[in-house]
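Here is the structure we will look at, set down as C-alpha cells.
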Amino acid sequence: MQQNYPSQLLEKAVDEFAKLPGIGRKTALRLVLHLLRQDDETVDALAEALSRMKHEVKHCKTCHNISDEETCPICADHRRDASVVCVVENIQDVMAIENTQQFRGLYHVLGGIISPMDGIGPSDLEIDSLVKRVEEGEINEVILALSPTMEGDTTNFYIYRKLAHTDVKLSVIARGVSVGDELEYADEVTLGRSIVNRTPFDGK
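Sequential numbering of the sequence shown, starting at 3, is according to the numbering used here.
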C-alpha cells in the first residue's frame, strides 16, 4: 500500500535508507523518524562519519583489505607470518577469521568469487595481484578460505590453475564449515578449527 508522507524531505530520506540491504520501507521510516528526534550534533556526527568513510577509506595496496592508510594494519604488522597468505572473498571474511585469533599470517581479499550467473569473471577479481604476490617468492603457503559453495570451489580451482607454475603450497580450509554456508556466518570456534585443520588442495 502506498504510504502518504507529510514531508517530501522525509520521504526522500526514507527512500535512501530503504536502498540499504535488509532494510524495508517500514524499518527505513522508523530509522528516519528516530534520527529526526535526535539533536543536531548527533545527526551531523552520523552524516560526517558516513561521508568521511566514503571519501577517505582506502584499500590496502597489498592485500586489498579496507584501511585508513595505504597499507592496512595487518600487512604493516611485522609480527605476522608473511610467508602464509589466506585468500578470502571479502572484508567481512577477514574480520571473521581475525575474530577466531587462530591465524597469524596475512590476507588477500579477492573482492568476490567467480560467478558467471552474476556476470563476475576472473578479471573482475584480485586474482592477478595474488599471482604477482606469490611470484615474488616470499609466500610459502596460500590458504584458500572461500565459502564452500559451487562458486567458491570454482574460484579455488581457477586459482590453483593460475598458481600451478609456482612452488607455493596450496591448502583449503577444513570442511568444518558446512557446504553451501557463507564464511562470515560461521561461528568462531568452527571457523578457527577449519583454519587450523586445513588440508592440501590438489585441484580435485
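Here a beta-carbon is modelled for each residue, glycine too, at the ideal position from N, C-alpha and C.
Since the structure is predicted, the reported quantities are computational estimates derived from the model, not experimental observations.
Buried or exposed (CB count within 10 angstroms, at least 16 for buried), residue i
i: Gly107; result: buried
i: Ala147; result: buried
i: Ser180; result: Legend: pLDDT at Ser180 = 48, less than 50; position of this residue unreliable, value from coordinates given subsequently. Flag for Ser180 reads exposed.
i: Val118; result: For clarity, residue 118 is Pro in the given sequence; the question names Val instead. Under this definition Pro118 is an exposed residue.
i: Arg27; result: exposed
i: Leu112; result: buried
i: Arg81; result: exposed
i: Pro150; result: buried
i: His36; result: exposed
i: Asp91; result: The amino acid at residue 91 is misidentified as Asp; the sequence shows Glu. Buried is the call here.
i: Gln40; result: exposed
i: Leu165; result: buried
i: Pro135; result: Looking at the sequence shown, residue 135 is not Pro but Arg. The residue in question, Arg135, is buried, as its Cβ has 16 or more Cβ neighbours within 10 Å.
i: Asp204; result: exposed
i: Asp120; result: exposed
i: Asn101; result: exposed
i: Asp42; result: exposed
Which listed residue (the options) has its alpha carbon closest to that of residue i
i: Ile213; options: Ala84, Gly24 and Met152; result: Past the boundaries of the shown model lies residue 213; the chain is included only from 3 to 206, so the question cannot be answered.
i: Leu33; options: Met55, Val16 and Pro75; result: Val16
i: Ser173; options: Leu31, Cys88 and Arg39; result: Cys88
i: Met97; options: Lys134, Ala84, Pro75 and Lys14; result: Pro75
i: Val144; options: Thr102, Gln104, Ala84 and Asp120; result: Ala84
i: His1; options: Val86, Pro202 and Pro8; result: The displayed coordinates of the chain run from 3 to 206. Any statement about residue 1 would go beyond what the structure contains.
i: His61; options: Cys77, Leu48, Asp204 and Leu52; result: Cys77
i: Ile122; options: Gln104, Gly154, Glu140 and Phe105; result: Gly154
i: His167; options: Ile175, Thr102, Gly139 and Gly114; result: Gly139
i: Thr29; options: Leu48, Thr44, Glu13 and Ser53; result: Glu13
i: Gln103; options: Tyr7, His57, Asn6 and Ile197; result: Ile197
i: Thr156; options: Ala176, Gly114, Glu137 and Arg200; result: Gly114
i: Glu137; options: Lys171, Asn158, Phe105 and Asp126; result: Lys171
Continuous alpha helix (DSSP H) stretch holding residue i: start and end
i: Ser53; result: Asp42 to Glu58
i: Val207; result: No answer is possible for residue 207: the residues shown for the chain start at 3 and end at 206.
i: Arg163; result: Met152 to Lys164
Whether residue i touches residue j by CB criterion (8 Å)
i: Pro124; j: Tyr160; result: yes
i: His66; j: Glu128; result: yes
i: Ile68; j: Ile99; result: no
i: Lys63; j: Glu72; result: yes
i: Asp46; j: Val59; result: no
Residue span of the beta strand (DSSP E) that contains residue i, given as start and end
i: Val34; result: Where Val34 is concerned, there is no enclosing beta strand (DSSP E), although the alpha helix (DSSP H) it sits in stretches over Arg27 to Arg39.
i: Lys171; result: Lys171 to Val174
Alpha helix (DSSP H) runs contained entirely in the stretch 77-149, provided each spans 4 or more residues
As for any alpha helix (DSSP H) of minimum length 4 sitting wholly inside the stretch 77-149, the runs are 93-102 and 130-137, ordered along the chain.
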